[in-house]
Amino acid sequence: MSLNKKSVDDISVAGKRVLCRCDFNVPLKEGKITDENRLVAALPTIKKLIADGGKVILCSHLGKPKGEPKPELSLAPVAARLTELLGQEVKFAADPEVVGPNAKAAVEAMKDGEVILLENTRYRIEETKNGEAFSKELASLCDVFVNDAFGTAHRAHCSNVGVAELAETAVVGYLMQKEIDFLGNAVENPVRPFVAILGGAKVADKLNVISNLLEKCDTLIIGGGMAYTFLKAQGYEIGNSLVDDSKIDYCKEMIAKAEKLGKKLLLPVDSVTVAAFPNPIDAEIEVETYPVENMPADKEGCDIGPKTAEMYADAVKSAKTVVWNGPMGVFENPVLAKGTIAVAKALAETDATTIIGGGDSAAAVNQLGFGDKMSHISTGGGASLEFLEGKELPGVAAANDR
Ligand code: ATP
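So for the sequence shown, our numbering puts the first residue at 10; every next one is plus one.
Structure representation (structure tokens):
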């Protein structure tokens with residue numbers, strides 16, 4: 010897939026109607042936005058389009074209304090907050106059909122530099138099926154389409170792919186450009202040594218990521234719950250640790266693949282264990298650390314041990330590019346967060362380009378206070394994983410090439 014996409018810097022939008030797909034999928038509680046990071050992150054592209062004199066029509070999905078208008082999932086509160094953040098009115102085009110008579114009239118009345126927000130695109134049943142009718146309606150509203158929603162880039166929906174294919178000009182916004190620059194190029198053209206770190210719960214969730222990264226990286230580090238299937242494949246006792254017995258052969262294949270390709274595959278040498286998984290997850294709990302050769306059969310491994318943490322931190326020190334997806338242990342519990350903290354700290358201290366693939370790893374890094382030390386924290390969990398799998402992202406592919 011070409012990653013050399015036209016961006017908002019390559020086009021002129023003066024006097025044109027610009028439909029900008031944003032990711033305004035923010036958490037709401039009783040109509041109030043509880044985390045506005047996604048709104049703040051969208052501002053640079055919106056400001057650029059305003060400054061260039063475009064008629065800026067914003068759209069996004071919010072939650073899962075499953076194809077029908079649900080008042081509690083209306084984007085109205087987003088329009089109100091965006092008005093404050095931009096210091097200029099963002100008119101809300103309330104319309105149960107999203108592109109119905111109200112929205113069309115609102116667009117018709119727009120002057121250059123004005124901004125409106127359409128209703129939740131998932132009020133329309135066609136949206137998630139990339140249906141032609143809704144894609145055409147969206148395309149009829151605009152002269153130029155800008156996609157700045159990385160979180161949905163791995164899905165082909167009307168508001169990111171269907172409309173892009175119909176619009177005369179389709180480009181990416183600044184947020185999307187940053188994701189392509191960091192995640193896409195880190196994997197396709199990394200500055201070496203390139204160290205990839207994978208953790209999280211299950212091997213099965215990341216089969217393609219493990220295989221693809223082994224080909225692209227110099228060192229692959231495995232931690233978290235997924236490490237135990239690898240340890241079992243190596244013949245170790247893993248007690249009651251998380252395991253996927255159907256993937257043991259796969260892990261053996263990956264170990265052989267690393268050897269064949271001459272890549273380093275680092276696996277834990279010690280584990281922090283518990284007698285039973287904490288319930289609730291952050292409950293006070295006793296832990297014991299064992300080398301992987303001596304793990305008792307009645308224990309459960311819930312974090313990498315201190316020797317492993319040191320080995321992983323050392324591997325990060327010599328890297329020039331590091332990509333990390335998935336925590337090293339049950340980081341939600343303070344006594345089982347040490348491995349994840351050690352890796353986060355190693356990333357924070359290196360001069361290498363450090364990239365965090367969204368989801369839980371992004372939450373862990375931010376929660377532990379290392380967020381501002383990373384080169385890039387992806388805004389899309391699923392989309393960032395598909396980049397790491399080497400897959401083509403429909404939302405990226407649909408934008409015009411340079
Ligand atoms: P996302 O897929 O959203 O990007 P992620 O890839 O960062 O998230 P997941 O695969 O969802 O991570 O796994 C994260 C979960 O794995 C955490 O809730 C953590 O508690 C759990 N986890 C990590 N290590 C272990 C372990 N040894 N045993 C059981 N659970 C674990």
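Ideal placement from N, C-alpha and C gives every residue a C-beta, glycine not left out.
Residues that residue i bridges to, as DSSP identifies them
| i | result |
| --- | --- |
| L207 | I231 and N334 |
| E309 | G248 and V283 |
| D410 | K14 |
| E358 | None; E358 has no bridge partner. |
| T298 | V281 |
| V27 | V65 and V153 |
| K41 | K38 |
Continuous alpha helix (DSSP H) stretch holding residue i: start and end
| i | result |
| --- | --- |
| P53 | N46 to A60 |
| T317 | P315 to K326 |
| K269 | I257 to L270 |
| L6 | Because the chain is modelled from 10 through 411, residue 6 falls outside the range shown and cannot be assessed. |
Three-state secondary structure assigned by DSSP to residue i
| i | result |
| --- | --- |
| P289 | coil |
| P343 | helix |
| T238 | helix |
| T363 | strand |
| I350 | helix |
| K73 | coil |
| K437 | It is not possible to answer for residue 437, since the shown part of the chain is limited to 10 through 411. |
| V22 | coil |
| L82 | helix |
| V87 | helix |
| D254 | helix |
Endpoints, the beta strand (DSSP E) within which residue i is located
| i | result |
| --- | --- |
| L67 | K64 to C68 |
| V374 | Segment G368 to Q376 is the alpha helix (DSSP H) holding V374; no beta strand (DSSP E) there. |
| L402 | It is not in any beta strand (DSSP E) - L402 carries neither H nor E in the DSSP assignment. |
| L274 | K273 to L275 |
Worksheet entry | Complete runs of the beta strand (DSSP E) confined to the stretch 137 to 225 [at least 3 residues] | For the stretch 137 to 225, whole beta strand (DSSP E) runs of length 3 or above, ordered along the chain, are 153 to 156, 178 to 181 and 203 to 207.
Fill in: Contained alpha helix (DSSP H) runs [length at least 4] in the stretch 90 to 144, N- to C-terminal order
110 to 117
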